[in-house]
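The structure appears right after this line, and notes come after that.
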RNA sequence: GGCCCUAUCGUCUAUCGGUUAGGACAUAUCCUUCUCAAGGAUAGAAGCGGAGUUCGACUCUCCGUAGGGUCACCA
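Numbering (this note's numbering), first residue to last: 27 to 477.
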């Protein structure tokens with residue numbers, strides 16, 4: 027290796043015993059960032075030595091989530107496929123006299139009567155953590171710990187150390203629950219003659235009550251966030267800034283910027299509470315930048331069948347309401363509930379009116395309201411068909427509305443067009459609906475008032 | 001319990017001995033406005049406690065306290 031250009035190799039090593047959650051994403055992201063920043067290699071290693079608990083579906087979930095987020099790996103391994111490597115080291119360790127086959131008195135069901143133990147030299151191990159400084163442990167109390175059930179079944183601590191060595195891992199970035207495990211891994215490392223990698227331990231991500239984040243606190247699988255319509259940029263941005271900061275007040279940060287600015291030294295030491303509101307805020311931010319075409323697909327996918335059909339036959343209207351829908355949600359997942367609550371119905375279907383809702387609060391006279399609606403209909407029908415758009419509609423109606431009282435003109439107009447208390451403004455609505463429908467609805471509102 | 005780690009607004013965080021302790025989310029109020037959303041503005045809101053070191057501590061040291069992690073033939 028020439029001077030300091032030693033190639034950086036990092037890894038993310040999940041065990042497929044659960045889905046990829048927010049905390050793992052951050053670990054993976056930081057390792058990935060560090061490798062990319064240093065033009066190094068990022069390895070994805072599935073730690074499936076526990077055959078009982080490892081499941082293929084979890085492995086798929088992890089792979090799926092990472093690729094969705096754009097965290098790409100350069101090499102891929104499964105520990106279950108590397109048996110001979112561990113066996114070789116195990117045999118060497120025994121030959122060297124630093125490990126031995128131990129006769130056991132099985133205490134629990136399933137335990138072996140013979141197991142491979144590591145001969146613990148029992149000394150104090152001090153290592154440097156790039157995020158926290160020096161940490162030391164006395165390893166004597168670990169005793170001669172078990173590193174494999176037999177030559178074919180290595181245990182976690184052993185497999186990790188062997189793999190990190192064999193794969194040339196230079197930087198280990200992982201959760202701080204592994205801090206206490208580090209000394210014993212260093213012991214094994216020294217026994218197999220592996221160089222010590224650089225460590226950086228990440229603080230935990232906590233639930234709002236500061237307890238460990240779990241499923242019931244919203245520690246959803248990343249794939250579930252995807253289904254809820256969260257954007258990868260938002261998740262990445264959110265997770266990056268939880269436990270690390272770029273050294274300034276920047277809140278919006280892209281993957282490229284992260285790669286440029288990432289440093290191990292700026293990793294936070296204390297645990298961080300998962301703040302869903304901030305994720306939502308970020309998602310909303312990225313939603314506004316999202317392509318309208320793709321947004322349309324996401325929205326449509328969440329429409330109930332009947333609405334989907336209407337959206338298809340009224341494609342022009344649907345296209346126009348996409349930005350409006352986006353404006354009112356923080357993630358696409360909200361569309362389903364909104365659609366089911368009838369929030370979008372009136373764009374496609376003439377609404378039914380409640381007579382009293384057509385009256386502005388300060389003006390309860392039906393006759394007056396009728397006159398105003400008639401005037402609006404007239405003003406609108408005078409707009410040239412080709413010029414019929416939000417701005418033109420506004421300028422046609424605005425002066426009159428200002429003169430006659432905006433609320434008493436605009437409220438009945440908007441309610442006539444939407445049939446709802448809350449909706450976009452009447453000009454946007456008229457624009458979406460088109461001249462013909464706009465006038466038809468106003469007339470039908472007038473009829474309701476006349477009854 | 002032993003060992004290890006951690007501790008700034010409600011939350012995420014800035015500060016690497018000297019600041020009116022800064023920003024963001026959330027909250028409140030105001031503006032915009034026919035409603036909703038968005039947008040803009042403003043406000044309130046923090047150094048766990050106690051000793052020390054120092055001319056001067058959020059920052060360094062120690063002792064408490066609190067929280068977390070880890071102590072498997074799981075990872």
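For each residue, glycine too, the CB sits at the ideal point set by N, CA and C.
Cβ neighbour criterion (16 or more within 10 Å) applied to residue i
{"i": "residue 215", "result": "buried"}
{"i": "residue 338", "result": "exposed"}
{"i": "residue 180", "result": "buried"}
{"i": "residue 501", "result": "No information on residue 501 is available, as it lies outside the stretch 27 to 477 that the chain covers here."}
{"i": "residue 134", "result": "exposed"}
{"i": "residue 27", "result": "Only weak support exists for where residue 27 lies, its pLDDT of 40 falling under 50; the value from the coordinates is given anyway. That one is exposed."}
C-alpha gap between residue i and residue j, whole angstroms
{"i": "residue 230", "j": "residue 239", "result": "9 Å"}
{"i": "residue 221", "j": "residue 40", "result": "22 Å"}
{"i": "residue 258", "j": "residue 329", "result": "22 Å"}
{"i": "residue 470", "j": "residue 459", "result": "15 Å"}
{"i": "residue 34", "j": "residue 305", "result": "31 Å"}
{"i": "residue 357", "j": "residue 432", "result": "33 Å"}
{"i": "residue 454", "j": "residue 423", "result": "13 Å"}
{"i": "residue 183", "j": "residue 252", "result": "33 Å"}
{"i": "residue 199", "j": "residue 255", "result": "29 Å"}
{"i": "residue 286", "j": "residue 94", "result": "21 Å"}
{"i": "residue 161", "j": "residue 206", "result": "10 Å"}
{"i": "residue 480", "j": "residue 354", "result": "Lying outside 27 to 477, the shown extent of the chain, residue 480 is not represented and no answer is given."}
{"i": "residue 45", "j": "residue 86", "result": "9 Å"}
{"i": "residue 236", "j": "residue 302", "result": "14 Å"}
{"i": "residue 410", "j": "residue 419", "result": "10 Å"}
{"i": "residue 30", "j": "residue 208", "result": "Unreliable placement is indicated for residue 30, whose pLDDT of 46 sits below 50; no coordinate value is reported for it."}
{"i": "residue 413", "j": "residue 381", "result": "32 Å"}
{"i": "residue 341", "j": "residue 50", "result": "41 Å"}
{"i": "residue 137", "j": "residue 107", "result": "23 Å"}
Distance CB(residue i)-CB(residue j) smaller than 9 Å
{"i": "residue 43", "j": "residue 71", "result": "no"}
{"i": "residue 110", "j": "residue 69", "result": "no"}
{"i": "residue 91", "j": "residue 247", "result": "yes"}
{"i": "residue 385", "j": "residue 395", "result": "yes"}
{"i": "residue 415", "j": "residue 294", "result": "no"}
{"i": "residue 406", "j": "residue 461", "result": "yes"}
{"i": "residue 368", "j": "residue 345", "result": "no"}
{"i": "residue 299", "j": "residue 232", "result": "yes"}
{"i": "residue 150", "j": "residue 164", "result": "yes"}
Closest residue to residue i among the options (Cα-Cα distance)
{"i": "residue 148", "options": "212, 352, 195, 443", "result": "212"}
{"i": "residue 463", "options": "332, 372, 435, 418", "result": "372"}
{"i": "residue 188", "options": "75, 363, 66, 370", "result": "75"}
{"i": "residue 98", "options": "314, 135, 37", "result": "37"}
{"i": "residue 427", "options": "413, 399, 166, 59", "result": "399"}
{"i": "residue 159", "options": "291, 282, 196, 272", "result": "291"}
{"i": "residue 391", "options": "141, 435, 375, 429", "result": "435"}
{"i": "residue 331", "options": "343, 365, 316", "result": "365"}
{"i": "residue 250", "options": "88, 465, 195", "result": "88"}
{"i": "residue 193", "options": "66, 387, 167", "result": "66"}
{"i": "residue 280", "options": "289, 273, 266, 270", "result": "266"}
Cβ-based neighbour list, residue i, same chain, cut-off 6 Å, excluding 5 preceding and 5 following
{"i": "residue 308", "result": "260, 263, 264"}
Residues near residue i in its chain [Cβ-Cβ closer than 8 Å; skip 5 each side]
{"i": "residue 217", "result": "119, 122, 124, 125, 144"}
{"i": "residue 47", "result": "239, 245, 246, 247, 248"}
{"i": "residue 129", "result": "139, 140"}
{"i": "residue 116", "result": "125, 142, 173, 174, 177, 180, 184"}
Proximal residues to residue i (C-beta, below 7 Å), its chain only, five neighbours per side dropped
{"i": "residue 155", "result": "161, 225, 226, 227"}
{"i": "residue 325", "result": "348, 351, 358, 361"}
{"i": "residue 401", "result": "426"}
{"i": "residue 475", "result": "381, 384, 392, 395, 396"}
{"i": "residue 210", "result": "165, 168, 171, 183"}
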